[in-house]
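Residues in the sequence shown are numbered consecutively from 308, following the numbering used here.
Cβ coordinates follow ideal geometry from the N, Cα and C atoms, glycine included.
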Amino acid sequence: MSVRVRFAPSPTGGLHIGGIRTALYNYLFAKKNGGTFILRIEDTDQNRFVEGAEEYIIEALNWFGISPDEGPVQGGDYGPYRQSERKSVYAQYAEQLIADGNAYYAFDTSEELEAMKARLSEARVVNPNYNAITRSQMKNSLTLSAEEVQQRLDSGAPYVIRFKMPKHDDVRFKDAVREWVVFNTSTLDDKVLMKSDGMPTYHLANIVDDHLMEITHVIRGEEWLPSAPLHVLLYESLGWKAPVFAHLPLLLKPDGNGKLSKRAADKMGFPIFPLNWTDPKAKESSVGFRESGYFADAFLNFLAFLGWNPGTEQEIFSLEELVAEFSLERINKAGAKFDIEKAKWFNQQYLKAKDVKQLAALFTADLKQELSNDKAEAIVNSLKERVTFVSEMAEAGGFFFERPASYDAKTVRKKWNEQSANGIAKFAEAIGQLDRINPEEAKALLVTTLESLELGLGQVMPALRVSLTGQAGGPDLMEIITILGPSEVAERIRIALDTIDQ
Ligand code: GLU
């Protein structure tokens, strides 16, 4: 049987970055096994539906280059891929569960449910739930007579369908990440499967669709582990084979203290969403990782390591390499710290390795002024070791565009003296004769100029750098000289000599 996996988000708002990690692991597992990666939109909860959320999810997957093989956009043989368009599919399975004694109609009003909860809380019952014990005191097809049930159904009285959770059974299943997992049903409640509006709940729709879409592996976040025993029981009750479950470790705050949340991320000043997101109701806008300057490939590499590792020292992996290396066995159980510094490190590694032409194009798109390709490439080449994001280049390389407005005081105090001033003055004269220069020629010219004055490079370089850039440190000085060009270099040195010596 070929591998079929799905990413099944609910379009209830901006997709958290953890959702992308889940999608990525599904994608990697599918591709590794020559299988199919499916996107299914779980939008049965009309109250939580958020306009634009589905488009956002699709755009985010596209940006990361992990688009599904089947889904609302691509279509496929198992569609529709939006649960709201599959409404008519679910009722028959709920009916089947009732007919087999695994589910029942419940007619309780919300007041009656409230009263039950209040009663149980008062009696200090730990789980004041609708369950194997309390159901016997409620209005449902297990307590009412068959005639009365029929009458209520015929009269159109509102009802839900609940799962009849066994009273005291162990449910065991083998999770691909956690090994054997056991839940006792006495801790579980009679979950609603069909709501009074005729829509299925997540639980029913999820397992019916996983079955009909022939999903072989359910790879999802750990927050769904408590729902898994119900899902296992539903598969059993419907006489279906359950897929393999793999529950992924939680994403934790950078310090490992608690779950990564939007609030935590906001507080620490980094994004939680892959792309910019504006909540259409609250009108609240959040900046995405994309717009913060992260590269999709770098960020995906970072995400891959949040809960998985290849078992070697290698950290930089292309998507193809991740596909080749990925396995469910190497996913950790323990929560993964979302270390934003590590995300930056990955970005920097990728930035350094990127094609200079591509970086130059990004850089010039950021700039407010015209720039030749050659110059843009030379500038990004000189800066790429020194920044984490392309967006930092304009500032880091500001001196390429503007003459220094001031000179680093410490360098001037410590390194500016008569000799160094003499040295750079002579260099300005020499270089001023030329039309153009390259780094090697610049170096040679500087060395010969200084030799005639019996000065060493070290005595003059800091003064030269500060005259050209205003700064104490920065990219390779010979590259800077090349990019600025001989006449600008000579001019900046003259200005520095005038300004600093006053
Ligand atoms: N709709 C669920 C979610 O939003 C899917 C959980 C699952 O993958 O089973 O995450």
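Query raised in the report: Going along the chain, which residues of its own chain have a beta-carbon closer than 6 Å to the beta-carbon of residue 427, five neighbours each way excluded?
Result: Answer for residue 427: 435, listed in chain order.
Query - residue 501 - partner residues in DSSP beta bridges - result: Per DSSP, 468 and 507.
Query raised in the report: Measuring from the CB of residue 392, is there a heavy atom of the ligand GLU at a distance below 7 Å?
Result: No, the ligand GLU has no heavy atom inside 7 Å of this Cβ.
Query raised in the report: Would the beta-carbon of residue 374 fall within 8 Å of that of residue 343?
Result: Contact: no.
Requested in this report: Determine the DSSP secondary structure at residue 738, reduced to helix, strand or coil.
Outcome: DSSP places residue 738 in helix when its eight states are reduced to three.
**Report entry** Cβ-based neighbour list, residue 772, same chain, cut-off 6 Å, excluding 5 preceding and 5 following
**Finding:** Non-local C-beta neighbours of residue 772 in its own chain, meaning closer than 6 Å and more than five positions away in sequence, comprise 784, ordered along the chain.
Report task. Compare the beta carbon distance of residue 684 and residue 667 with 8 Å and say whether it is the shorter of the two. Result -> For residue 684 and residue 667, yes; Cβs fall inside 8 Å.
Requested in this report: Alpha carbon to alpha carbon, how far is residue 316 from residue 586? Give it in angstroms, no decimals.
Outcome: Approximately 17 Å, taken between the alpha carbons.
Query raised in the report: Roughly how many angstroms separate the alpha carbons of residue 701 and residue 635, rounded to a whole number?
Result: Near 42 Å, if we compare the C-alpha coordinates of residue 635 and residue 701.
Query raised in the report: Do you know how far the Cα of residue 359 is from the Cα of residue 596?
Result: If you draw a straight line from the Cα of residue 596 to the Cα of residue 359, it is about 18 Å long.
Query raised in the report: By a C-beta neighbour count over all protein chains shown, 10 Å radius and 16 as the cutoff for buried, is residue 399 buried or exposed?
Result: With fewer than 16 Cβ atoms within 10 Å of its Cβ, residue 399 is classed as exposed.
Query raised in the report: Does the ligand GLU have a heavy atom nearer than 7 Å to the CB of residue 317?
Result: Result yes, Cβ under 7 Å from the ligand GLU.
**Report entry** Within 8 Å, strictly: CB atoms of residue 331 and residue 611
**Finding:** Cβ distance < 8 Å, so residue 331 and residue 611 count as in contact.
Query raised in the report: How would you call residue 578, buried or exposed, if buried means at least 16 neighbouring beta carbons within 10 angstroms?
Result: Label assigned to residue 578: buried.
**Report entry** Short CB-CB distance (under 8 Å) between residue 775 and chain B
**Finding:** The structure shown contains no chain B; it is built from a single protein chain.
Query raised in the report: In chain order, what residues of the same chain have a beta carbon less than 6 Å from the beta carbon of residue 361, not counting five sequence neighbours either side?
Result: Cβ within range, chain order: 318 and 348.
**Report entry** From 512, 567, 533 and 782, residue whose alpha carbon lies closest to that of residue 323
**Finding:** For the residues 512, 567, 533 and 782, the minimum Cα distance to residue 323 belongs to 567.
Query - Contact test: residue 354 Cβ vs the ligand GLU heavy atom, cutoff 7 Å - result: No, Cβ of residue 354 sits at least 7 Å from all heavy atoms of the ligand GLU.
Query raised in the report: Would the beta-carbon of residue 823 fall within 8 Å of that of residue 788?
Result: As shown, the chain starts at 308 and ends at 809. That puts residue 823 outside it, with no answer to give.
Query raised in the report: Residues in its own chain within less than 6 Å of residue 797 by CB, not counting five upstream and five downstream?
Result: For residue 797, where only same-chain residues beyond five positions count, the Cβ hits under 6 Å are 735, 738 and 739.
**Report entry** Nearest residue (CA-CA) to residue 716, options 778, 761 and 767
**Finding:** Just measuring C-alpha positions, the residue of 778, 761 and 767 sitting nearest residue 716 is 778.
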